[in-house]
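Enquirer:
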C-alpha cells in the first residue's frame, strides 16, 4: 500500500530539488481509511461465515468518519460496537488516535508521536494498518515538513484543481487535439470566457 502521490514525490524531487515537499493530512487520512475499509470487509466476510454478519452491518461510513461527525443513528450504532474486540473497531481507534499527530506545533514532538504510534501499530496483528505504519515511516521527512512549514501549506488547492481537471476531461468525452484540451483547461481553471469557436466546451 503506497501513497497515491509517490510518483509526484519523485517528480518534485527531480524538477524542484529545493522545494519543501509536504504530505498533509488529506493523503494520510485517505491511506488510513483504505486500511479501515479493507479490515472491515475482511472481517464482515469472516463474521458472515460464522453467522454473525449483523455485527458490522451499516457501519462503513461511521468507521470512515471522525467520531465528532457521527449522526445520532451512527452514535447509537457504534456505542455497543466500540466495546467489542473486532479488528475493524481496533483499526478505527488506532486511526482516531493518530489525529492527535496534527495538533503538534513542533516537528520534534510530532516525530516522537509518529514513532510511538507506528511502534504500537506494528505490535498489532492488523496487517493493512501495519502497512500504513511502514508507509508513514518511509515518508516521515515529508510528513514533518508540514510542521516545518508552520502548518500553513496544504494540498487542498491542488486537490481542488485536480478535481476540476478530471471534471473537464469527463465532460469532454475526449478532445481531438491537445491544443483544444489546453484551451478548455485554461478556461475552466481560470474561469475565462470561452473563445468564439464553432462549438462549446460544455
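Residue numbers (the working numbering): 3 to 204. For every residue, glycine included, the Cβ atom is placed at its ideal position computed from N, Cα and C.
Can you list, in chain order, the residues of its chain whose CB lies under 6 Å from that of residue 46, leaving out five sequence neighbours each side?
Expert: Within the same chain, residue 46 has close Cβ partners 58.
Enquirer: Could you check if residue 138 is buried or exposed, using at least 16 other CB atoms within 10 Å of its CB as the buried criterion?
Expert: buried
Enquirer: Would you mind reading off the limits of the alpha helix (DSSP H) that contains residue 106?
Expert: It is not in any alpha helix (DSSP H) - residue 106 carries neither H nor E in the DSSP assignment.
Enquirer: Between residue 135 and the rest of its own chain, which residues show a CB-CB distance below 7 Å, the 5 nearest in sequence each way excluded?
Expert: 120, 123, 124
Enquirer: How many angstroms separate the CA atom of residue 100 from the CA atom of residue 18?
Expert: 30 Å
Enquirer: Since I believe residue 25 is in contact with residue 144 (beta carbons under 8 Å), could you give me their beta-carbon distance rounded to a whole number of angstroms?
Expert: 4 Å
Enquirer: In its own chain, which residues sit with a C-beta less than 6 Å from the C-beta of residue 148, not counting the 5 before and 5 after it?
Expert: 24, 26
Enquirer: Take residue 65 and list the residues in its own chain whose beta-carbon comes closer than 7 Å to its own, dropping the five residues that flank it on each side.
Expert: 38, 42, 90, 94
Enquirer: Within its chain, find whatever has a CB closer than 7 Å to the CB of residue 104; leave out the 5 residues flanking it on each side and keep chain order.
Expert: 27
Enquirer: Exposed or buried, residue 20, counting other C-beta atoms within 10 Å across all chains shown (16 or more means buried)?
Expert: exposed
Enquirer: Buried or exposed, going by whether 16 or more other CB atoms sit within 10 Å of the CB of residue 186?
Expert: buried
Enquirer: Thinking C-alpha only, which one of 33, 84, 167 is nearest residue 61?
Expert: 84
Enquirer: By alpha-carbon positions, which one of 153, 92, 164 ends up nearest to residue 129?
Expert: 92
Enquirer: How many Å lie between residue 151 and residue 107 at the Cα?
Expert: 10 Å
Enquirer: Once DSSP output is grouped into helix, strand and coil, what is the label at residue 173?
Expert: Residue state, collapsed to three classes: helix.
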